[in-house]
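Numbering-wise (the UniProt record's numbering), the sequence shown opens with residue 1 and increments by one.
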Amino acid sequence: MDVRFERTGERRYGVFVHRAMYPSVEMNPAPSYDEDLPHDFVHFVVEEELGLTRGVFGQLAAGGDAGTFRIADEGSGGREVSRARRKQQDRGRRLAEAGSKEAEFSERAATICHYEWLKRFPTGERLAEVRRLEGFVRKVRVGCSATESASLSDPVVERIARRLEDLSERWANVGVGQSITLQWSPHAPASERRSA
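1. Quick check on Asp154: does DSSP put it in helix, strand or coil?
2. Does DSSP put Ser179 in a helix, in a strand, or in coil?
3. Residues in the same chain with beta-carbon distance under 6 Å from Thr181, minus the five sequence neighbours each way, listed in chain order, please.
4. Check the C-beta distance from Leu152 over to Phe41 and give it rounded, since I have them as a contact under 8 Å.
5. How would you write the range of the beta strand (DSSP E) that Glu107 sits in, first residue to last?
6. Is Thr111 buried or exposed, if buried means 16 or more other CB atoms sit within 10 Å of its CB?
7. Using three-state DSSP, classify Thr123 as helix, strand or coil.
8. Mapping the DSSP letters down to three states, classify Gly14 as helix, strand or coil.
9. Within its chain, find whatever has a CB closer than 6 Å to the CB of Ala62; leave out the 5 residues flanking it on each side and keep chain order.
10. For a test of the three-state rule: what should DSSP assign to Glu26, helix, strand or coil?
11. Under a three-way DSSP split, which group does Val45 fall into?
12. Counting along the chain, where does the alpha helix (DSSP H) carrying Gly55 start and finish?
13. Is it true that the CB of Ala103 sits closer than 8 Å to the CB of Arg54?
14. Label Arg83 either buried or exposed according to how many other C-beta atoms from any shown protein chain fall within 10 Å of its C-beta, with 16 as the threshold for buried.
15. What does the alpha-carbon distance come out to for the pair Gly64 and Arg93?
16. Per DSSP, Phe5 forms a beta bridge with which residues?
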C-alpha cells in the first residue's frame, strides 16, 4: 500500500492511499496540520514500527476506512461510487470493532512518541509544546498496559523519534502541490524480533 502525504495548501494537507486489492481512499483535507510534522505521519511511523495491524494504516491496508478515509469520486458513475463507499464503510466498521483495542493503543503510542520526538529534537517552539503536553502525556502513559509500555522501550522510541525527525526534515522541503509517498510495511513488534 502506498500512502501519499500531499501539501494541498499553505496550512493544509491530504493523505491519499493507493491499495492494490481495494479501492484507493483519501482524507482531504486531513486534520491536525502541523508545520513540522502532521499527525498522520506520526501514526504511520508508530504503527509501522510497532507492527500494529489494526491502527489507522493497518485498517486501511486491510480494506477499511479507519473511520475517516473515503473513496474518491474520480469521475466514475455516481451509483458505482455510492455502492463502493457503502461497502467500504461496512468493512471499515467491522475492522474498527475488531481492532478497537489496538487502535486505542495506536493513539496513546502516537501521543507518547510525538512528545518524545519533540524532546529529542528541540527547537524553541517544540520545547514550548513539550512543556504544554507534559502533564497530558504523563496521564496517557498511566493508561498504557504493561505490555504496551514494554513495547515502547527506549530503543524503539528512539528509532521512532529519529524517523519522525527525518520525515519532518523532508516535509519542510515539500511545497504546495508536492508530496511524500511512503510504502506501508509494518514490522514485527519489537517483542517478537530476534536479536541479530
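C-beta atoms are modelled at their ideal positions from N, C-alpha and C, and glycine is treated no differently.
Inspection of the coordinates gives the following:
1. helix
2. strand
3. Asp2 and Arg4
4. Not quite, the Cβ-Cβ distance comes to about 18 Å (not below 8 Å), so this is no contact.
5. Taken as a continuous stretch (DSSP letters only), Glu107 belongs to no beta strand (DSSP E), being part of the alpha helix (DSSP H) at Ser100 to Arg120.
6. buried
7. coil
8. strand
9. Leu95
10. strand
11. helix
12. Gly55 -> no alpha helix (DSSP H), and no H or E assigned at all.
13. yes
14. exposed
15. 8 Å
16. Val15 and Ile180
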